[in-house]
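A short worksheet on the structure shown next.
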Amino acid sequence: MKGLQAAVAALEEAGEIGISSHVNPDGDGVGSLLALALVLHGQGRKVYACMPEPWKFPPQYSFLPGRELFVDPDELPEGLELFVALDCSNAERLGPLQPIARSASGLLNIDHHEDNQQYGEINLVDEHASSTCELVSRVIRAAGWTIEPEVATCLYTGLVTDTGRFEHRNTSSYTFALASELAAAGADTFQVIREVYDNQSLPYTRLLGRALQRIEVVDGLGLAYSYITQKDLGETGAVLPETEDLIDHLRSVRGTRVVALFKELADGKVRVSLRSRDAYEVGPVARGMGGGGHAMAAGYTSELDVEGSISSLIRELRDRDGRTAAPG
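Residue numbers (the working numbering): 363 to 690.
As structure tokens, then:
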């Protein structure tokens with residue numbers, strides 16, 4: 363695989379390594395970060411594991427091992443021998459850590475987004491991989507390092523969450539083989555499912571109820587959508603980082619091809635998450651709106667309010683349908 367041996371060599375040669383994932387982290391970003399940090403720490407490397415915005419750490423991943431390796435962003439030194447960016451399609455996704463990453467002697471980019479901008483000196487990018495955790499597992503195997511149970515649990519978390527519990531179209535026979543391998547290595551598969559999916563806070567559950575009550579379906583577009591506001595967060599006591607998987611509850615609406623969840627942010631902007639139910643690709647839609655992601659799962663940030671963001675997406679989908687149907 364292109365970039366694999368170069369990635370292994372860079373990790374083996376560097377003594378001080380910074381590792382991070384993207385802003386608004388998900389299970390794949392957190393899992394790949396902690397897995398790689400644990401492995402490198404076990405190999406005797408000086409590891410600085412860091413989230414761009416640690417106060418936004420999703421509480422459903424607090425059970426994962428390796429969090430003791432985290433440092434605050436202001437503790438991350440400049441001029442590291444190597445900086446590893448995980449699950450980031452572009453360097454801007456590193457947020458405030460981008461200058462630190464650029465100051466390192468080497469920048470290793472490990473990612474599986476099809477719109478990855480190849481921004482590293484070394485790029486290990488495979489858009490056909492189910493997750494960045496899958497790519498990190500390949501690195502570990504290629505280096506001959508052992509996947510300990512704690513590492514396996516972190517990798518399994520990314521594998522499960524980025525495939526939607528093996529429901530998304532990025533799930534392949536290799537995905538199932540890797541899941542089996544990680545289980546054999548000691549991954550606590552029961553704990554992953556319990557903590558991520560079956561251990562929600564009461565405030566989040568109340569927020570979910572509001573989102574489900576608001577579901578609307580746009581006839582002719584196959585679009586189902588809902589929204590949550592800052593007022594909802596305040597009244598229920600839920601926090602935005604724990605809403606990562608809320609959109610998956612919208613995917614069960616019969617007769618839809620696209621689902622969207624609009625989340626009002628503290629600064630008034632709106633984060634829009636998109637999911638596909640069939641062959642319709644939402645990645646191009648998100649990129650057209652200034653965002654990015656995968657064919658079946660993508661997102662973007664809107665400068666409009668919630669109502670305006672909903673109208674904007676509906677127009678975009680109708681325009682795309684019109685362009686597709688137009689003769690040419």
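All residues carry an ideal CB built from backbone N, CA and C; glycine is no exception.
Model, not experiment: these values are computed from the prediction.
Supposed contact pair residue j and residue i - C-beta distance, whole angstroms, cut 8 Å
i	j	result
V632	D667	7 Å
L444	G468	5 Å
T519	V554	5 Å
L585	I676	7 Å
H384	R455	4 Å
H475	L497	The pair is not a contact, with the Cβ atoms about 11 Å apart (cut-off 8 Å).
C-beta atoms of residue i and residue j nearer than 7 Å
i	j	result
I381	A369	no
D390	T525	no
A316	L395	Residue 316 lies beyond the range of the chain shown here (363 to 690); nothing can be said about it.
R619	D640	yes
F624	Y589	yes
C495	L470	no
L517	A659	no
L442	A466	yes
V634	S614	no
D388	E606	yes
I672	R637	no
T598	R568	yes
V621	L612	yes
P461	P414	no
G654	D477	yes
Y423	V446	no
E578	P421	no
T508	D550	no
Closest by C-alpha distance to residue i, when choosing among the options
i	options	result
H656	S664, V647, T663	V647
L679	M651, A545, L470	M651
L544	E415, Y559, L497, V513	V513
Q479	S451, R455, P439	S451
A371	V392, S383, L402, V385	L402
E510	S424, F528, A376, G428	G428
E430	V409, P421, Q422, V446	V409
Y587	L574, L426, A463	L574
S499	D550, I472, E604	I472
D436	L426, D683, P421, P416	P416
V433	I379, E375, H474, G404	I379
A600	D581, L583, V580, R572	R572
K364	E375, F419, V501	V501
N386	R407, L540, L602	L602
Q405	K418, E375, V580	E375
L595	V580, L486, G582, L570	L570
K593	L583, G582, D629	D629
L373	E529, L486, K418, Y559	L486
Y559	G377, K418, F425	F425
G582	K418, F528, G684	G684
R315	G548, D681, G377	A question about residue 315 goes unanswered here, because the residues of the chain that appear run from 363 up to 690.
heavy atom of the ligand SAH below 6 Å from residue i C-beta
i	result
Q592	The ligand SAH is not among the ligands present in this structure, which contains no ligands whatsoever.
Beta-ladder partner(s) of residue i, from DSSP
i	result
C412	S382
Y587	E578, A622
V487	D473
G599	Partner(s): none; G599 has no beta bridge.
A447	S382, N471
V632	E626, S664
G654	G661
S638	V620
F432	A411
Residue-chain proximity (residue i, chain C), Cβ-Cβ < 7 Å
i	result
M651	Structure shown: chain C not included; a single protein chain is present.
Segment contact flag, the segment 533-540 with the segment 554-566, C-beta cutoff 8 Å, min 3 pairs:
no
Are the segment 483-495 and the segment 429-441 touching, with three or more C-beta to C-beta distances below 8 Å?
no
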